[in-house]
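Just so we're aligned, residue 482 is where the sequence shown starts under the numbering used here, counting upward by one. Ideal Cβ placement from N, Cα and C applies to all residues, glycine included. What follows is one structure encoded as structure tokens, with my remarks underneath.
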Amino acid sequence: MTQRVAVIDYGMGNLHSVASALEHAGALEVTVTHDHAAISKADRVVFPGVGGIRDCMDAIRGLGCDQLLEQAITVDRKPVLAICVGMQSLMTTSEENGGVVCLNQVPGEVTFFGSPHRASDGARLKVPHMGWNQVVQKRAHPLWAGIESGTHFYFVHSYHVVPNDPDLVVGTFDYGL
């Protein structure tokens, strides 16, 4: 049976790049949409984003997608992949844009790398961080199916997620913080 994947379109982000990557990865029925019925019927939800967290939160709340995400995560228990600003929005708060209240689906905060941008050993950190880094798996998770620990992932970010429960972390890389 084909898995239906809804990529949430809230007017921000790299929606079609994400949809193309999902289609390339497997036999999925991918729909880019903000239609509540289509998102509710999906087996999986992808919540991408590019831009500022305040604009993201305004857009998803304006479309009612905040309620759809809460339903998918807490009631339907669907797999939800949140990318970049999508991931930020699932946290309790973000320091970006002077501080923003987010969806609180993952208790914790999104914090700035710091200023001046220094690693714990005093070395200067480039912010935004851009580049390939080896991600170390911290625990088993379906996200890691077919992916080895130490695989390189590409990052472009100035903020990082700090969940209240460190056991929620499934993978990390060391940027020196």
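- In the pairwise beta carbon analysis, the segment 563-580 is classified as not touching the segment 607-623: fewer than three pairs are separated by under 8 Å.
- When C-beta atoms of the segment 588-599 are compared with those of the segment 633-641, three or more pairs fall below 8 Å, so the two segments count as touching.
- For Thr-514, the three-state secondary structure derived from DSSP is strand.
- Looking at the DSSP output, Asn-614 sits in a beta bridge with Phe-634.
- Per DSSP, reduced to three states, the secondary structure at Thr-555 is helical.
- Within the DSSP bridge table, the entry for Ala-487 names Thr-512 and Val-526 as partners.
- If you look at Ala-502, you'll find it in the alpha helix (DSSP H) that goes 496-506.
- DSSP places Met-493 outside both helix and strand once states are collapsed to three, so it counts as coil.
- About 6 Å separates the Cβ atoms of Val-531 and Cys-565, confirming a contact at the 8 Å cut-off.
- Between Gly-545 and Asp-516, the alpha-carbon positions lie close to 10 Å from each other.
- Close CB contacts of Leu-509 within its chain, under the 6 Å cut and outside five residues either way in sequence, are with Gln-484, Val-486 and Leu-503 (chain order).
- By the neighbour-count definition (other C-beta atoms within 10 Å, threshold 16), Asp-490 is a buried residue.
- Cβ-Cβ separation between Val-526 and Val-499: approximately 12 Å, too far for a contact (criterion under 8 Å).
- By the criterion of a C-beta distance shorter than 7 Å, Asn-578 is surrounded in its chain by Gly-533, Ile-534 and Arg-535, once the five residues flanking it on both sides are discounted.
- Within the same chain, Cβ atoms closer than 8 Å to the Cβ of Glu-551 are found at Leu-584 and Gln-586, the five residues on either side in sequence being excluded.
- In the three-state DSSP reduction, Glu-629 falls in the coil class, being neither helix nor strand.
- The continuous alpha helix (DSSP H) containing Gly-567 extends over residues 566-571.
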